[in-house]
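2 protein chains.
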Amino acid sequence: MAVYTQVSAEALGEFLARYDVGELVSAKGIAEGVENSNYLVETTRGRFILTLYEKRVNAEELPYFMGLLDHLADKGLAVPPAIKDRRGVEIQELEGRPACLIKFLSGVSLSHPTPAQAEAAAIAMADMHAAVADFTLDRPNSMGVDTWRPLFEKCGHSLNQIAPGLHDDLAHAIEHVTANWPGDAFDRCAIHADLFPDNVLMLGDDVTGLIDFYFACTDIRVYDLAVMHSAWSFDATGRSYDAAVGDALIRGYSSRFPLTDVEQAQFPTLAAGACIRFALSRAWDWLNTPADALVMRKDPLAYVRRLKHYAPDLVKHST
Amino acid sequence: MAVYTQVSAEALGEFLARYDVGELVSAKGIAEGVENSNYLVETTRGRFILTLYEKRVNAEELPYFMGLLDHLADKGLAVPPAIKDRRGVEIQELEGRPACLIKFLSGVSLSHPTPAQAEAAAIAMADMHAAVADFTLDRPNSMGVDTWRPLFEKCGHSLNQIAPGLHDDLAHAIEHVTANWPGDAFDRCAIHADLFPDNVLMLGDDVTGLIDFYFACTDIRVYDLAVMHSAWSFDATGRSYDAAVGDALIRGYSSRFPLTDVEQAQFPTLAAGACIRFALSRAWDWLNTPADALVMRKDPLAYVRRLKHYAPDLVKHST
Chain A
1 MAVYTQVSAE
11 ALGEFLARYD
21 VGELVSAKGI
31 AEGVENSNYL
41 VETTRGRFIL
51 TLYEKRVNAE
61 ELPYFMGLLD
71 HLADKGLAVP
81 PAIKDRRGVE
91 IQELEGRPAC
101 LIKFLSGVSL
111 SHPTPAQAEA
121 AAIAMADMHA
131 AVADFTLDRP
141 NSMGVDTWRP
151 LFEKCGHSLN
161 QIAPGLHDDL
171 AHAIEHVTAN
181 WPGDAFDRCA
191 IHADLFPDNV
201 LMLGDDVTGL
211 IDFYFACTDI
221 RVYDLAVMHS
231 AWSFDATGRS
241 YDAAVGDALI
251 RGYSSRFPLT
261 DVEQAQFPTL
271 AAGACIRFAL
281 SRAWDWLNTP
291 ADALVMRKDP
301 LAYVRRLKHY
311 APDLVKHST
Chain B
1 MAVYTQVSAE
11 ALGEFLARYD
21 VGELVSAKGI
31 AEGVENSNYL
41 VETTRGRFIL
51 TLYEKRVNAE
61 ELPYFMGLLD
71 HLADKGLAVP
81 PAIKDRRGVE
91 IQELEGRPAC
101 LIKFLSGVSL
111 SHPTPAQAEA
121 AAIAMADMHA
131 AVADFTLDRP
141 NSMGVDTWRP
151 LFEKCGHSLN
161 QIAPGLHDDL
171 AHAIEHVTAN
181 WPGDAFDRCA
191 IHADLFPDNV
201 LMLGDDVTGL
211 IDFYFACTDI
221 RVYDLAVMHS
231 AWSFDATGRS
241 YDAAVGDALI
251 RGYSSRFPLT
261 DVEQAQFPTL
271 AAGACIRFAL
281 SRAWDWLNTP
291 ADALVMRKDP
301 LAYVRRLKHY
311 APDLVKHST
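Residue numbers (UniProt numbering), protein chains in the order written: chain A, 1 to 319; chain B, 1 to 319.
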């Protein structure tokens, strides 16, 4: 939510000269993305997002992300691929950082999507899953099921500083959910893995873009829907479940990929896993961000409450 | 340099409906301005800056700033006036903050202006001074010559934490400069009072906008040039003076408003005053911002070094 690396207008002008995109007209640092620096750049030929990758994104993984975006854009999906410079290069360097000039997409991220908007977004996700059937690159999920226990152990009993009993609740939930995690029978493909409302651009009820693919990875296809369901169907505190939005997500997704009986039966486990994943990453950030830092800490308990919705028996102490 | 107040797409859509500006297409929080929240908003009819005024700007003073921008825009100058809504209202409220929808201007702020660019910017400032001859609103300079001693005394001997001897150097400089400050013989008018390169938008050597008028006030006209000269003619550390840029500023401004003999003779005093003003405000911020805060502190000594350039006898200890 900040511009970490300043790019002077002079350096940006030189950078753009590598591309066939016209002359620089305007550039504004934008407060978007978690830990990258982003500029909204206007040239005589159009608008672009310039992203400089800071520490969160591993530069070695950029070819995966950019390859996925190219693949999806080639199939006509509304995603923001990197622009190629005159030599055909997408991943550049600027101010000592990996940097890409990226297609600008219209649309706004909604704070309170309606059921119709949720349905459209779930259909867009399903279209993405259909489009990756012939995508050949692979990336393990850096926040996948195997990573939860090690991250949980790094947090340790400090978890109880967030809420008394959180350590035992999460220990129990991780044990139960990983033991019941679906096996090889479930479809796997490239998934977004972070499709919050923030990461869907819309105009009215139309999806104009899926963005921020920097957690994309190979994992269980329906897990992507479970992440989305846990992110979209609750108020920010995680206390209030909106069944109309939740149902719309399932309905939209199922219109492209009908859920099998076993997927339906396992959906609460997948959604509980999504809640564990975000509760843990938020807890880690919470324990490692000073309370008076200017970065806003996101409440881990908002995901523990969601976990309780999907798996009431797993949360006994902390909410 | 941040977005302090979040505006949801839904609230923004409702806000824009007050105006005759088309439908919302895109909105990005931008890292611009010191302590306001700004969004770059695109509609079906154009682009705009949405500003929510945070604590730095006194809401009671907005009519002065907006009146000045209207006056300058009516005379054809490249400044960003507020857009009127359907009822003719410019100053609105949004998310509990005073808010204006403002004309978007093309152009980029330069980090290293050339002499030709500096000359064009100084001409644009002179054009602004000519255009306010019949501007009738008045605002005292909140960082003017009378405010330096009280701010200096608030900083107190803590100044020596910034550099040993800084307290005595500034005490001496304030005493000398205020004693020699020009009187009523100098033209006074509405001045920008903060025309750093950041606040001038350019395309090539053409000025496309003067922006950020939130320090504008009634004060000595040539003091505005002195502020600009001290801001543009040095490297960021204040150590290295660029005579070609400094001369270009004087040449450009003089092409519209030739400096009188007494203005020329007093120019070093005015520029020394500008250095005191920015050294003091930076020192105050420095002493009141924790070193580990995410806000970047600007080095007060960069202005003490400039002060030494204009008035070598006044700085004996701290640089």
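Quick reminder that beta carbons are idealized off the backbone N, C-alpha and C, glycines included.
On a predicted model such as this, the values are computed, not experimentally measured, just so you know.
Short Cβ contact (8 angstroms threshold) for residue i with residue j
i: D219 of chain B; j: R188 of chain B; result: yes
i: A243 of chain A; j: D224 of chain A; result: no
i: A131 of chain A; j: L72 of chain A; result: yes
i: C217 of chain B; j: I191 of chain B; result: yes
i: A27 of chain B; j: Y19 of chain B; result: no
i: Q266 of chain A; j: M202 of chain A; result: no
i: S106 of chain A; j: A9 of chain B; result: no
i: A78 of chain A; j: G238 of chain A; result: no
i: S318 of chain A; j: A163 of chain A; result: yes
i: V7 of chain B; j: L94 of chain B; result: yes
i: S109 of chain B; j: D247 of chain B; result: no
i: R277 of chain B; j: W286 of chain B; result: no
i: T44 of chain A; j: G22 of chain A; result: yes
i: S230 of chain A; j: R149 of chain A; result: no
i: H309 of chain A; j: Y253 of chain A; result: no
i: L195 of chain B; j: V245 of chain B; result: no
i: A311 of chain A; j: L159 of chain A; result: no
i: residue 321 of chain B; j: L151 of chain B; result: The structure shown does not extend to residue 321 of chain B, since chain B is modelled only from 1 through 319, so no value can be given for it.
Closer than 8 angstroms to chain A by CB, residue i
i: E10 of chain B; result: yes
i: E32 of chain B; result: yes
i: G107 of chain B; result: yes
i: S111 of chain B; result: yes
i: L195 of chain B; result: no
i: D299 of chain B; result: no
i: V21 of chain B; result: no
i: L259 of chain B; result: no
i: A50 of chain B; result: The identity of residue 50 of chain B in the sequence shown is Leu, whereas the question assumes Ala. For L50 of chain B, the answer is no, since every Cβ of chain A falls outside 8 angstroms of its Cβ.
i: L203 of chain B; result: yes
i: L249 of chain B; result: no
i: residue 323 of chain B; result: Nothing about residue 323 of chain B can be read from this structure; chain B reaches only from 1 to 319.
i: L307 of chain B; result: no
i: A302 of chain B; result: no
i: L101 of chain B; result: no
i: L94 of chain B; result: no
Cβ of residue i within 8 angstroms of any chain B Cβ
i: A27 of chain A; result: yes
i: A17 of chain A; result: no
i: S233 of chain A; result: no
i: V3 of chain A; result: yes
i: L287 of chain A; result: no
i: L210 of chain A; result: no
i: L40 of chain A; result: yes
Residue i: first and last residue of the uninterrupted alpha helix (DSSP H) it sits in
i: P300 of chain B; result: Per DSSP, P300 of chain B belongs to no alpha helix (DSSP H) and is neither H nor E.
i: G13 of chain A; result: 9 to 16
i: P63 of chain B; result: 62 to 74
i: P115 of chain A; result: 115 to 131
Run of the beta strand (DSSP E) containing residue i, from where it starts to where it stops
i: L52 of chain A; result: 46 to 52
i: V41 of chain B; result: 37 to 43
i: L94 of chain B; result: 92 to 94
i: V25 of chain B; result: 24 to 30
i: A99 of chain B; result: 97 to 103
i: A190 of chain A; result: 188 to 191
Candidates the options: closest to residue i by CA position
i: L62 of chain B; options: B:E119, B:R139, B:R221; result: B:R139
i: A122 of chain A; options: A:G144, A:Q161, A:F257; result: A:F257
i: D299 of chain B; options: B:F213, B:A236, B:T51, B:C155; result: B:A236
i: T260 of chain B; options: B:L50, B:S233, B:R221; result: B:R221
i: Y214 of chain B; options: B:T5, B:E60, B:E14, B:T44; result: B:E60
i: Y53 of chain B; options: B:D212, B:V41, B:A185, B:L195; result: B:D212
i: L24 of chain B; options: B:Q264, B:M228, B:R47, B:F65; result: B:R47
i: Q92 of chain B; options: B:M128, B:A17, B:P113; result: B:A17
i: V177 of chain B; options: B:E32, B:G144, B:S255; result: B:G144
i: M128 of chain B; options: B:K103, B:V207, B:V262, B:V89; result: B:V207
i: Q264 of chain B; options: B:P98, B:A120, B:P182, B:I49; result: B:P182
i: A272 of chain B; options: B:V262, B:D313, B:S255; result: B:D313
i: F15 of chain B; options: B:E153, B:R97, B:A31; result: B:R97
Residue i beta carbon near the ligand MG (any heavy atom closer than 7 angstroms)
i: L12 of chain B; result: The ligand MG is not part of the structure shown, which contains no ligands of any sort.
Which runs of the alpha helix (DSSP H), 4 residues or longer, sit entirely within the region 202 to 288 of chain B?
-> 221 to 232, 243 to 254, 261 to 288
At what residue ranges does the region 150 to 190 of chain B contain a whole run of the beta strand (DSSP E), taking only runs of 3 or more?
-> none
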